[in-house]
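Residues in the sequence shown are numbered from 1049 upward in steps of one, following our numbering. All C-beta atoms, glycine included, are put in the ideal place defined by N, C-alpha and C. Predicted model, so just to flag it, every value in this text is computed and none were measured. See structure below.
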Amino acid sequence: PPSAPPPSPTLEETDFYPPGAKIAFVFVHDPERNAALTSSLSEQGYHLAVPGDTAEAIRKIDAAAYELVFIDHAPHGAEVLQRVHGWPGILRRGVNVVLIGGEAKSLHPDVSFRNGVNWYLHKNDVADVPRLVRTVIDGYEETYKMWRLAAEESDKPKN
C-alpha cells in the first residue's frame, strides 16, 4: 500500500539550490560507499542531498528536482524507492535512479529493470565508483537524448 505523504518540511529542513543546479540525492548508509559517491559527484559539479535516515530521506526525496538519485537496495531504502516509483512517468523519466546492493554485478540490466531503476551498482564496487558514476550519467544521457529532442521539437511553435 502507498505510504502517506510526508509532512511538509519546515524552512529549516528545506535545502536550497541555485537555479539550474545539478542536484544528486544520495541515500547510502555505508560510510565508505557514501564518501566515494559524494566525492565523485561533487567533483562532477553536483550539489548533494544526503539524508541521514529514512524519515529525512522521505522528506527530501520529493523536495527538489534531482537529476540523479542513489538509493541503498536495503530495507531502509525501500520506502524511498517506493516514493520514486509513485512519481508520474514524465517526472520519473527525468530522473536517473540508481540502486546499490548485493543482488547482482554492477550495471546488470535485468536487475535494474526488475527493480524499476535506471541502473544497479554492486555495493562492493567502491574502488570503481568514479568510473561507474560517469557510466550511469553518460548512459542515462544517451538513453534519454531522443526523449529530450522530441520534447524540444514539440515545444517549438508550428507555422
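Exercise. Which value, in whole angstroms, describes the spacing of the CA atoms of Ile1071 and Lys1206?
Worked result: Mapped onto the sequence shown, residue 1071 falls at position 23. Mapped onto the sequence shown, residue 1206 falls at position 158. Roughly 34 Å between the two C-alpha positions.
Exercise. To which residues does DSSP link Trp1167 through a beta bridge?
Worked result: The residue labelled residue 1167 in the question sits at position 119 within the sequence shown. Trp1167 pairs with Val1146.
Exercise. By DSSP, does Asp1203 sit in helix, in strand, or in coil?
Worked result: Taking the sequence shown and counting its residues from 1, the one referred to as residue 1203 is at position 155. In this structure, DSSP gives Asp1203 a helical state, which the three-state scheme calls helix.
For this session: Take the Cβ of Ile1138 as the centre, count every other Cβ of all protein chains shown within 10 Å, and call the residue buried at 16 or more, exposed below.
Result: Taking the sequence shown and counting its residues from 1, the one referred to as residue 1138 is at position 90. Under this definition Ile1138 is an exposed residue.
Exercise. Taking the DSSP output, what are the residues bridged to Ile1119?
Worked result: Reading the sequence shown from its first residue, position 71 is the one you call residue 1119. Residue pairing of Ile1119 in beta bridges, as defined by DSSP: Phe1075, Leu1147.
Exercise. Is Ala1175 helix, strand or coil by DSSP?
Worked result: Position 127 of the sequence shown, counted from the start, is the residue given in the question as residue 1175. If DSSP states are grouped into helix, strand and coil, Ala1175 belongs with the helices.
For this session: Quick one: residues in its chain with C-beta nearer than 6 Å to the C-beta of Glu1060, no 5 flanking neighbours on either side, listed in chain order?
Result: Here residue 1060 corresponds to residue number 12 of the sequence shown, with the count starting at 1. Caution applies to Glu1060, whose pLDDT of 47 falls short of 50 and renders its modelled position unreliable; the model cannot decide the point.
Exercise. CB-CB under 8 Å to Val1146, same chain, minus the five flanking residues each way: which ones, in chain order?
Worked result: Position 98 of the sequence shown, counted from the first residue, corresponds to residue 1146. Cβ neighbours of Val1146 within its own chain (closer than 8 Å, five residues either side excluded): Leu1116, Val1117, Phe1118, Ile1119, Val1165, Asn1166, Trp1167, Tyr1168, Leu1169, Val1184.
For this session: Report the partner residues of Ala1097 according to the DSSP bridge assignment.
Result: Locating residue 1097 in the sequence shown gives position 49, counting from the first residue. Answer by DSSP bridge pairing, in chain order: Phe1073.
Exercise. Leaving out five residues before and five after Arg1031 in sequence, what residues of the same chain have Cβ atoms less than 7 Å from its Cβ?
Worked result: One cannot answer for residue 1031 here, as it falls past the ends of the chain, which runs 1049 to 1207.
Exercise. So what does DSSP say about Leu1059, is it helix, strand or coil?
Worked result: Stepping through the sequence shown from its first residue, residue 1059 is reached at position 11. Because Leu1059 carries a pLDDT of 42, less than 50, the predicted location of this residue cannot be relied on, and the following value inherits that uncertainty. Here Leu1059 sits in helix by DSSP.
For this session: Report yes if the C-beta distance between Ser1088 and Val1143 is below 8 Å; otherwise report no.
Result: Counted from its first residue, the sequence shown places residue 1088 at position 40. Counted from its first residue, the sequence shown places residue 1143 at position 95. Going by beta carbons, Ser1088 and Val1143 fall outside the 8 Å limit.
For this session: Pull up the distance between the alpha-carbon of Arg1107 and that of Pro1079, whole angstroms please.
Result: In the sequence shown, counting from the first residue as 1, residue 1107 sits at position 59. In the sequence shown, counting from the first residue as 1, residue 1079 sits at position 31. Those two C-alpha atoms are separated by around 21 Å.
For this session: Would you please state the rounded distance, in angstroms, between the beta carbons of Tyr1114 and Phe1064? I believe it to be under 8 Å.
Result: If you number the sequence shown from 1, residue 1114 lands on position 66. If you number the sequence shown from 1, residue 1064 lands on position 16. Not confirmed; about 14 Å, so no contact.
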